[in-house]
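In full-length UniProt numbering, the protein residues as written are 1 to 179.
Notes follow once the structure below has been shown.
Set out below in C-alpha coordinates:
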(Lines of atoms letter the chains of each structure in order from A; the text may use other names.)
(Lines give C-alpha, C1' and ligand atoms only; values in the text may rest on other atoms or scores of the structure.)
Protein backbone atom coordinates (compact mmCIF):
# COMPACT_ATOMS: atom_id res chain seq x y z
CA UNK A 1 0.00 0.00 0.00
CA UNK A 2 1.48 3.30 -1.09
CA UNK A 3 1.12 5.93 1.59
CA UNK A 4 -0.97 8.97 0.80
CA UNK A 5 2.03 11.18 1.51
CA UNK A 6 4.13 9.37 -1.12
CA UNK A 7 1.33 9.59 -3.69
CA UNK A 8 1.00 13.32 -3.12
CA UNK A 9 4.77 13.87 -3.44
CA UNK A 10 4.94 11.87 -6.69
CA UNK A 11 1.96 13.72 -8.17
CA UNK A 12 3.39 17.12 -7.20
CA UNK A 13 6.80 16.32 -8.69
CA UNK A 14 5.21 15.10 -11.91
CA UNK A 15 3.15 18.31 -12.12
CA UNK A 16 6.31 20.42 -11.69
CA UNK A 17 7.67 18.65 -14.77
CA UNK A 18 4.48 19.38 -16.72
CA UNK A 19 3.32 15.76 -16.61
CA UNK A 20 -0.21 14.69 -15.76
CA UNK A 21 -0.58 11.75 -13.39
CA UNK A 22 -3.42 9.34 -14.11
CA UNK A 23 -2.71 6.77 -11.38
CA UNK A 24 -0.09 6.12 -8.67
CA UNK A 25 0.31 2.64 -7.20
CA UNK A 26 3.24 0.79 -5.68
CA UNK A 27 5.94 0.51 -8.32
CA UNK A 28 3.92 2.14 -11.07
CA UNK A 29 2.90 5.59 -12.11
CA UNK A 30 0.64 6.09 -15.07
CA UNK A 31 1.02 9.42 -16.86
CA UNK A 32 -0.72 10.81 -19.96
CA UNK A 33 2.40 11.97 -21.76
CA UNK A 34 5.65 10.32 -22.72
CA UNK A 35 8.45 11.13 -20.31
CA UNK A 36 11.79 12.31 -21.68
CA UNK A 37 15.12 11.12 -20.32
CA UNK A 38 15.71 14.62 -18.94
CA UNK A 39 12.35 14.65 -17.12
CA UNK A 40 13.00 11.13 -15.78
CA UNK A 41 16.37 12.22 -14.37
CA UNK A 42 14.85 15.35 -12.79
CA UNK A 43 12.09 13.23 -11.25
CA UNK A 44 14.65 10.73 -9.95
CA UNK A 45 16.63 13.55 -8.26
CA UNK A 46 13.54 15.17 -6.72
CA UNK A 47 12.18 11.89 -5.37
CA UNK A 48 15.56 11.11 -3.75
CA UNK A 49 15.19 14.31 -1.70
CA UNK A 50 12.11 12.71 -0.10
CA UNK A 51 13.78 9.34 0.33
CA UNK A 52 11.83 7.85 -2.57
CA UNK A 53 13.28 5.89 -5.44
CA UNK A 54 12.43 5.96 -9.13
CA UNK A 55 12.52 2.41 -10.38
CA UNK A 56 12.54 1.97 -14.11
CA UNK A 57 13.79 -1.60 -14.13
CA UNK A 58 11.01 -4.21 -14.30
CA UNK A 59 12.87 -6.61 -11.98
CA UNK A 60 13.35 -3.94 -9.30
CA UNK A 61 9.69 -2.98 -9.53
CA UNK A 62 8.66 -6.62 -9.03
CA UNK A 63 11.02 -6.94 -6.02
CA UNK A 64 9.57 -3.81 -4.41
CA UNK A 65 6.04 -5.11 -4.97
CA UNK A 66 6.91 -8.48 -3.39
CA UNK A 67 8.48 -6.73 -0.39
CA UNK A 68 5.47 -4.44 0.00
CA UNK A 69 3.02 -7.36 -0.11
CA UNK A 70 5.01 -9.23 2.54
CA UNK A 71 5.35 -6.18 4.79
CA UNK A 72 1.66 -5.32 4.45
CA UNK A 73 0.65 -8.94 5.04
CA UNK A 74 2.76 -9.34 8.18
CA UNK A 75 2.93 -5.89 9.73
CA UNK A 76 -0.28 -4.10 8.74
CA UNK A 77 -2.88 -6.79 8.29
CA UNK A 78 -4.91 -7.95 11.26
CA UNK A 79 -5.21 -11.40 9.74
CA UNK A 80 -2.37 -13.06 7.86
CA UNK A 81 -3.78 -15.01 4.89
CA UNK A 82 -4.32 -18.66 5.66
CA UNK A 83 -3.29 -19.69 2.13
CA UNK A 84 0.35 -20.35 1.28
CA UNK A 85 2.45 -17.21 1.02
CA UNK A 86 3.58 -18.34 -2.42
CA UNK A 87 -0.02 -18.59 -3.68
CA UNK A 88 -0.94 -15.27 -2.07
CA UNK A 89 2.02 -13.36 -3.58
CA UNK A 90 1.58 -14.99 -6.98
CA UNK A 91 -2.14 -14.20 -6.98
CA UNK A 92 -1.61 -10.56 -5.92
CA UNK A 93 1.00 -9.90 -8.62
CA UNK A 94 -0.35 -12.10 -11.39
CA UNK A 95 2.98 -13.85 -12.00
CA UNK A 96 4.10 -17.46 -11.65
CA UNK A 97 5.63 -17.92 -8.20
CA UNK A 98 8.74 -19.65 -9.57
CA UNK A 99 9.49 -16.58 -11.69
CA UNK A 100 8.92 -14.26 -8.70
CA UNK A 101 11.05 -16.43 -6.38
CA UNK A 102 13.93 -16.68 -8.84
CA UNK A 103 13.87 -12.94 -9.56
CA UNK A 104 13.76 -12.10 -5.85
CA UNK A 105 16.65 -14.44 -5.03
CA UNK A 106 18.82 -13.14 -7.88
CA UNK A 107 18.30 -9.49 -6.95
CA UNK A 108 18.14 -9.66 -3.12
CA UNK A 109 20.50 -12.57 -2.46
CA UNK A 110 17.92 -14.27 -0.23
CA UNK A 111 14.78 -16.25 -0.83
CA UNK A 112 11.27 -14.87 -0.43
CA UNK A 113 10.84 -17.33 2.43
CA UNK A 114 13.89 -15.90 4.22
CA UNK A 115 12.50 -12.39 3.76
CA UNK A 116 9.15 -13.51 5.17
CA UNK A 117 10.86 -15.10 8.18
CA UNK A 118 12.85 -11.91 8.87
CA UNK A 119 9.65 -9.88 8.78
CA UNK A 120 7.77 -12.35 10.95
CA UNK A 121 10.55 -12.18 13.56
CA UNK A 122 10.39 -8.36 13.47
CA UNK A 123 6.64 -8.63 14.08
CA UNK A 124 7.24 -11.09 16.96
CA UNK A 125 9.70 -8.60 18.51
CA UNK A 126 7.14 -5.82 18.17
CA UNK A 127 4.39 -7.92 19.74
CA UNK A 128 6.70 -9.00 22.58
CA UNK A 129 7.58 -5.37 23.28
CA UNK A 130 3.91 -4.35 23.46
CA UNK A 131 3.35 -7.19 25.90
CA UNK A 132 -0.35 -7.56 25.07
CA UNK A 133 -0.03 -11.11 23.75
CA UNK A 134 1.77 -14.11 25.20
CA UNK A 135 4.03 -16.33 23.10
CA UNK A 136 1.27 -18.85 22.41
CA UNK A 137 -1.03 -16.10 21.10
CA UNK A 138 1.77 -14.62 18.98
CA UNK A 139 2.55 -18.05 17.58
CA UNK A 140 -1.10 -18.54 16.63
CA UNK A 141 -1.48 -15.01 15.20
CA UNK A 142 1.54 -15.43 12.90
CA UNK A 143 0.58 -19.01 11.88
CA UNK A 144 3.53 -20.81 13.43
CA UNK A 145 2.99 -24.55 13.80
CA UNK A 146 4.00 -24.33 17.46
CA UNK A 147 5.54 -22.09 20.09
CA UNK A 148 8.69 -24.21 19.85
CA UNK A 149 8.94 -23.50 16.11
CA UNK A 150 8.55 -19.76 16.72
CA UNK A 151 11.12 -19.85 19.54
CA UNK A 152 13.65 -21.79 17.47
CA UNK A 153 13.27 -19.44 14.52
CA UNK A 154 13.47 -16.39 16.80
CA UNK A 155 16.68 -17.62 18.41
CA UNK A 156 18.21 -18.53 15.04
CA UNK A 157 17.59 -15.00 13.70
CA UNK A 158 18.22 -12.87 16.82
CA UNK A 159 20.51 -15.07 18.89
CA UNK A 160 18.10 -14.62 21.82
CA UNK A 161 15.14 -16.55 23.13
CA UNK A 162 11.80 -14.71 22.96
CA UNK A 163 11.61 -14.80 26.78
CA UNK A 164 15.06 -13.25 27.16
CA UNK A 165 14.19 -10.60 24.52
CA UNK A 166 11.00 -9.72 26.38
CA UNK A 167 13.01 -9.48 29.62
CA UNK A 168 15.28 -6.88 28.02
CA UNK A 169 12.34 -4.48 27.84
CA UNK A 170 11.67 -4.85 31.56
CA UNK A 171 15.36 -4.35 32.32
CA UNK A 172 15.45 -1.17 30.19
CA UNK A 173 12.37 0.18 31.95
CA UNK A 174 13.92 -0.46 35.36
CA UNK A 175 17.10 1.29 34.27
CA UNK A 176 15.06 4.30 33.15
CA UNK A 177 13.26 4.40 36.48
CA UNK A 178 16.62 4.43 38.29
CA UNK A 179 17.70 7.59 36.46
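Glycine included, every Cβ here is placed at the ideal spot set by N, Cα and C.
Buried or exposed for residue i, going by 16 or more other Cβ atoms inside 10 Å?
i	result
residue 126	exposed
residue 10	buried
residue 76	exposed
residue 12	exposed
residue 66	buried
residue 168	exposed
residue 22	exposed
residue 110	exposed
residue 115	buried
residue 8	exposed
residue 73	buried
residue 85	buried
On a CA-only basis, which of the options is nearest residue i? Give me that one, please.
i	options	result
residue 102	24, 63 and 34	63
residue 157	169, 6 and 118	118
residue 5	145, 57, 54 and 50	50
residue 161	144, 135, 140 and 141	135
residue 36	52, 19 and 24	19
residue 159	41, 121 and 78	121
residue 106	42, 33, 59 and 46	59
What is the DSSP secondary structure of residue i, counted as helix, strand or coil?
i	result
residue 134	coil
residue 57	coil
residue 102	helix
residue 25	strand
residue 35	coil
residue 127	helix
What residue range does the alpha helix (DSSP H) around residue i cover?
i	result
residue 158	147-158
residue 77	No alpha helix (DSSP H) holds residue 77; DSSP gives it neither H nor E.
residue 87	85-93
residue 142	No alpha helix (DSSP H) holds residue 142; DSSP gives it neither H nor E.
residue 14	4-16
Beta carbon of residue i: closer than 7 Å to some heavy atom of the ligand NAP?
i	result
residue 106	Looking for the ligand NAP in the displayed structure turns up nothing, as the structure carries no ligands at all.
Below 8 Å on the Cβ atoms is my guess for residue i versus residue j; work out the distance and round it to an integer in Å.
i	j	result
residue 112	residue 89	7 Å
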